[in-house]
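Below: one structure, written as structure tokens.
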Ligand SMILES: N=CN[C@@H](CCC(=O)O)C(=O)O
Ligand SMILES: [Mn+2]
Ligand SMILES: [Mn+2]
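Numbering (the UniProt record's numbering), first residue to last: 1 to 321.
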């Protein structure tokens, strides 16, 4: 089963000031079970998903279990630009230590649901991309029926593999699509940065059949800003709420070597920041995660720093709204 580990204060270190100039000085350690988060301020809540069982089942390079803590270590050192009234919490980590990924995903669903019900904004740090199945279900549970929930995934891969032989890090969006079919809700999925050399023909057929909107990695680039903006605005207009998930392996391995399946020809950082800004401006974004951080293959903490910068950009932009 998945177990819940309390936040580790030792991960949050950096320069010392007496004015909360850095995030390690701003962060609060909160036990979700013991506290009531309901309050008028904005609250961002970090949860780790320490799980590489999905990557292992998908025959990938393991190591993402250590991903959440690697990101925390870099995030704590970064400057704090949040308002004084805004809260920044580390809730702890959901671990998969016995191979039961499904129970771990259920725990993610429960915690995300709990956070959203408390008006906090969840920031999940993975862990394999199987994080998306538990995360989506938590948001869905919070929203109930009647409101549409779109997924925007920055990724080299569709992660639409058929799960008839089991669930893994390559199946989360297929599983979500199946659940949508079953409950009669729309499956709204935009995948940005899809690589033709990393997704087989069957995956493209599945994407077509499920009416998935996607941008190939060649087009998801600063060379085509108008096309990217048009795709994003079209998608955003079709949904009430948006769940954003970033798979670090979508970035070029020049930026993100620390992943299970690296992408030498992946996307650049600027196009992701431009896209995130547009999504955040829509005020429809309800939850966020970063997946596939694998410190074992990282070089000089570049990927962990990139992941931390993406979290920093997101919370700082959301706070400014
Ligand atoms: N979450 C990642 N999924 C990819 C992995 C690809 C690879 O191992 O090369 C996928 O299943 O397509
Ligand atoms: Mn991927
Ligand atoms: Mn993925």
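By construction, the Cβ of each residue, glycine as well, lies at the ideal position given by its N, Cα and C atoms.
Candidates the options: closest to residue i by CA position
i           : options            : result
residue 230 : 59, 52, 190        : 190
residue 151 : 320, 14, 243, 19   : 243
residue 79  : 194, 176, 27, 260  : 27
residue 149 : 318, 97, 180       : 180
residue 219 : 163, 260, 271, 263 : 271
residue 142 : 120, 251, 127      : 120
residue 209 : 226, 162, 234      : 162
residue 20  : 60, 37, 286, 85    : 85
residue 69  : 251, 264, 138, 290 : 290
residue 67  : 317, 313, 302, 45  : 302
residue 288 : 317, 165, 300      : 317
residue 10  : 29, 3, 17          : 29
residue 299 : 266, 321, 257      : 257
residue 313 : 145, 138, 238, 280 : 280
residue 93  : 253, 292, 50, 197  : 50
residue 89  : 41, 175, 207, 195  : 41
residue 273 : 139, 145, 232, 48  : 232
residue 170 : 282, 60, 3, 222    : 60
residue 268 : 8, 128, 238, 225   : 225
residue 198 : 206, 185, 158      : 158
residue 217 : 205, 237, 195      : 195
residue 240 : 140, 207, 315      : 140
residue 127 : 137, 111, 112, 95  : 95
residue 132 : 320, 144, 292      : 292
Cut-off 7 Å between Cβ atoms - residues of its own chain near residue i, not counting five sequence neighbours on either side
i           : result
residue 102 : 167
Residue environment, residue i, which counts as buried when at least 16 other CB atoms sit within 10 Å
i           : result
residue 5   : exposed
residue 284 : buried
residue 247 : buried
residue 91  : buried
residue 33  : exposed
residue 114 : buried
residue 305 : buried
residue 295 : buried
residue 117 : exposed
residue 188 : buried
residue 56  : buried
residue 227 : exposed
residue 177 : buried
residue 326 : Since the displayed the chain opens at 1 and closes at 321, residue 326 lies outside it and no answer follows.
residue 237 : exposed
Residues bridged to residue i [DSSP beta-bridge criterion]
i           : result
residue 51  : None; residue 51 has no bridge partner.
residue 285 : 242
residue 317 : In DSSP, residue 317 forms no bridge with anything.
residue 46  : 90, 123
residue 376 : The requested residue 376 is not part of the displayed model; the chain covers only 1 to 321.
residue 22  : 79
residue 188 : 150
residue 290 : 125, 246
residue 202 : Residue 202 pairs with nothing; no bridge assigned.
residue 3   : 95
residue 267 : 251
residue 66  : According to DSSP, which records beta bridges pairwise, residue 66 is partnered with nothing at all.
Beta-carbon proximity list for residue i, same chain, < 8 Å, skipping 5 on both sides
i           : result
residue 13  : 24, 73, 76, 77
residue 253 : 259, 262, 263, 264, 266
Other residues of its chain near residue i: CB distance less than 6 Å, five sequence neighbours each side excluded
i           : result
residue 202 : none
residue 192 : 154, 215, 220
residue 134 : 105, 108, 109
residue 62  : 52, 55, 56
Any C-beta of chain B under 9 Å from that of residue i
i           : result
residue 253 : The structure shown contains no chain B; it holds only a single protein chain.
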